[in-house]
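Input: a single structure, listed below in structure tokens.
In UniProt numbering, the protein residues as written are 1 to 618.
Now the structure itself:
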């Protein structure tokens, strides 16, 4: 830190010069503080004003904190003034920073010390209230506006509308809008955007139709509202065609709507017709193609991009992982690291951990874990969840538990990831214990939690614990079971031989059972030779259009158990006529960093001769 002071003995504070860019750390700030105290500059209001204005908007937090300290300690109360200019600068550091509530403290101090409030003061305060959802305080600001004769100010009324919209109080925003003596285009746009944000398209359209003047924001907001639901896509098209002018937001909004509702051909047409494209345009198309399984088109778009950023790389990687091409996703990650011009972010690491989990690459997952620890990443969020999931799916449940225990602020997703991992490993008792522990530490489980616990109990054969869990879900946490929960219960009862109870549970389900539930019951009917229940279920399944080959195989096995060979032949013939083939079972094993896949009667492995020779010698 270099601080140079004027040599003038007349006014030593008249031209103090210090190197601002070098003053970024707490240590440097402390040096500056000591210097201005020893030189006496701290007592001069002109100097303290200049210092506060220079530092208060700095991106470096130590400078901002120092500016606030100087303002409160050496300026605000020692040099009272009616001009709120400096106060507003400090308020802005709160409303645009990490402590919006501090803005409310400052406006109270201004009132207590007779400092005048202007329109900018109120606008900053309302921004702070909206940022953290302070509706009550916002209403108090509204009352203060009228008390201080700012009630008819259109700019401030628009700020008030924005405050209530950000807080989710659209009706309060509409009341402000209706009471405004004068409205401008910003007033209408704020209300339309508010309605659209919460899915109220009809009142937004009423305001839109009543406008004399519209701008791009008006049109884009209305189109954005319509594309949120499939039936509204036609209305969005009609507005898009009528627009007097369009910008990138207009085109990207329409492309995003088409992609969202599966109209990729329309999205392609818009994409080709665009006069110019930005990163959002490319990423939207990549994401849309990937979600529909067209990975080749997504990759072609990715390769054609004139410029890539971390978001586009993440989109392509996520598309690969969603469609099972995890190796290709990891290649993009390694290319990012080699090139060095695009740095991975939290989302990148999440995708990479998901890919490792699917591939079973625990060693590579450990490398990412060490990287996260070295860089000081917090595991309180999604990265911690992804790590637990990765270790669980890679077979390292002990490491998953270790990560879970080291997470300082656990949310329900951390618990769900671990319980799901315990379910995979058949550790039903521990999964059930964790559910009980959630209640003791006041973490409220959700429906995913109970799917995990019920699945764990099912795999471990813990019928009693599963029944208790099912009751806790409904009676303690008031959660309505979904088809997945019923599926776990039916499978659990069926595996325990309680076929009749499982059938009754299916009949009492408030939701329509799917073929997975019926097949769980059907499989138990075969195992426990309860053909009186099994035959009609199997016949029902084979009549469903969505029927899988497994249902036919189960029905064939039931007929074979009864010695009804003509029926077996008929079922097999019907399978051939409907071109249904049972997917062979397969398994994976990782050796030396390479994943080997084996299927039933598989002879495609390059070392198949050695493998079969070894097996035959056992």
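By construction, the Cβ of each residue, glycine as well, lies at the ideal position given by its N, Cα and C atoms.
Checklist entry - Quick one: what's residue 596 bridged to in DSSP? => result 589
Checklist entry - In chain order, what residues of the same chain have a beta carbon less than 8 angstroms from the beta carbon of residue 215, not counting five sequence neighbours either side? => result 185, 189
Checklist entry - Does the separation of the CB atoms of residue 290 and residue 257 fall below 8 angstroms? => result With contacts defined as CB atoms closer than 8 angstroms, residue 290 and residue 257 fail to qualify as a contacting pair.
Checklist entry - What is the DSSP secondary structure of residue 260, counted as helix, strand or coil? => result helix
Checklist entry - To which residues of the same chain is residue 125 closer than 8 angstroms at the C-beta, ignoring the five residues directly before and after it? => result 91, 95, 103, 104, 107, 141
Next on the checklist: What does the alpha-carbon distance come out to for the pair residue 198 and residue 224?
Outcome noted: 12 angstroms
Item to check | Three-state class that DSSP yields for residue 73 in the structure shown | outcome: helix
Checklist entry - Can you give the Cα-Cα distance for residue 119 and residue 47, rounded to whole angstroms? => result 27 angstroms
Item to check | residue 333, DSSP secondary structure in three states | outcome: helix
Checklist entry - Would you report the Cα separation of residue 238 and residue 576, rounded to the nearest angstrom? => result A straight-line Cα-Cα distance of about 49 angstroms links residue 238 and residue 576.
Checklist entry - Do residue 386 and residue 392 have their CB atoms nearer than 8 angstroms? => result no
Item to check | Span separating the alpha-carbon of residue 430 from that of residue 414 | outcome: 15 angstroms
Next on the checklist: Nearest by alpha-carbon distance to residue 277: which of 253, 292, 294 is it?
Outcome noted: 253
Item to check | Option nearest residue 398 by Cα separation, candidates 519, 378, 419 | outcome: When each option's Cα is compared against that of residue 398, the closest is 419.
Next on the checklist: Checking 8 angstroms against the spacing of the C-beta atoms, do residue 58 and residue 52 come in under that value?
Outcome noted: The answer is no: Cβ separation not under 8 angstroms.
Item to check | Where residue 312 sits in the DSSP three-state scheme | outcome: helix
Next on the checklist: Please classify residue 285 as buried or exposed, where buried requires at least 16 other C-beta atoms within 10 Å of its C-beta.
Outcome noted: Under a 10 Å Cβ-count criterion, residue 285 is classified as buried, with 16 or more other Cβ atoms of the shown protein chains found around its own Cβ.
Item to check | Own chain partners of residue 443 with C-beta closer than 8 angstroms, once the 5 adjacent residues on each side are dropped | outcome: Answer for residue 443: 410, 411, 412, 415, listed in chain order.
Checklist entry - Start and end of the alpha helix (DSSP H) containing residue 488? => result 483 to 495
Checklist entry - Buried or exposed: which applies to residue 371, given that a residue is buried once 16 or more other Cβ atoms fall within 10 Å of its Cβ? => result Per the 10 Å Cβ criterion, exposed.
Checklist entry - Along the chain, which unbroken stretches of the beta strand (DSSP E) at least 3 residues long are found entirely within the stretch 269 to 301? => result none
Next on the checklist: Here's a check: name, in chain order, each residue in its chain whose Cβ is nearer than 6 angstroms to the Cβ of residue 598, leaving out the five neighbours to either side.
Outcome noted: 587
Next on the checklist: With a threshold of 6 angstroms on Cβ separation, who are the neighbours of residue 231 within its own chain once the five nearest residues in sequence on each side are excluded?
Outcome noted: none
Checklist entry - Among residues of its own chain, excluding the 5 on either side of residue 328, which ones have a beta-carbon nearer than 7 angstroms to its beta-carbon? => result 320
Checklist entry - Does the Cβ-Cβ distance between residue 395 and residue 362 come in under 8 angstroms? => result yes
Item to check | Backbone CA spacing between residue 66 and residue 477 [nearest angstrom] | outcome: Their Cα atoms are separated by approximately 48 angstroms.
Checklist entry - Alpha carbon to alpha carbon, what distance is there between residue 356 and residue 606? => result Rounded to the nearest whole angstrom, the CA to CA distance from residue 606 to residue 356 is 24 angstroms.
Checklist entry - Rounded to a whole number of angstroms, what is the C-alpha to C-alpha distance between residue 457 and residue 567? => result Distance between the alpha carbons of residue 457 and residue 567: 36 angstroms.
Next on the checklist: Let me confirm a value: residue 706 is counted as buried when at least 16 other C-beta atoms fall within 10 Å, else exposed. Which label applies?
Outcome noted: The shown model of the chain, from 1 to 618, leaves out residue 706, and the question about it has no answer.
Next on the checklist: Given a cut-off of 8 angstroms on the beta-carbon distance, is the pair residue 317 and residue 333 in contact?
Outcome noted: yes
Item to check | Assigned secondary structure, residue 604 (DSSP; H/G/I helix, E/B strand, else coil) | outcome: coil
Next on the checklist: Quick check on DSSP: helix, strand or coil for residue 200?
Outcome noted: coil
Checklist entry - Between 462, 482, 405, 359, which lies nearest to residue 451 when the distance is taken from Cα to Cα? => result 482
Checklist entry - alpha helix (DSSP H) containing residue 519: first to last residue? => result 515 to 527
Item to check | Which listed residue (87, 136, 383) has its alpha carbon closest to that of residue 114 | outcome: 87
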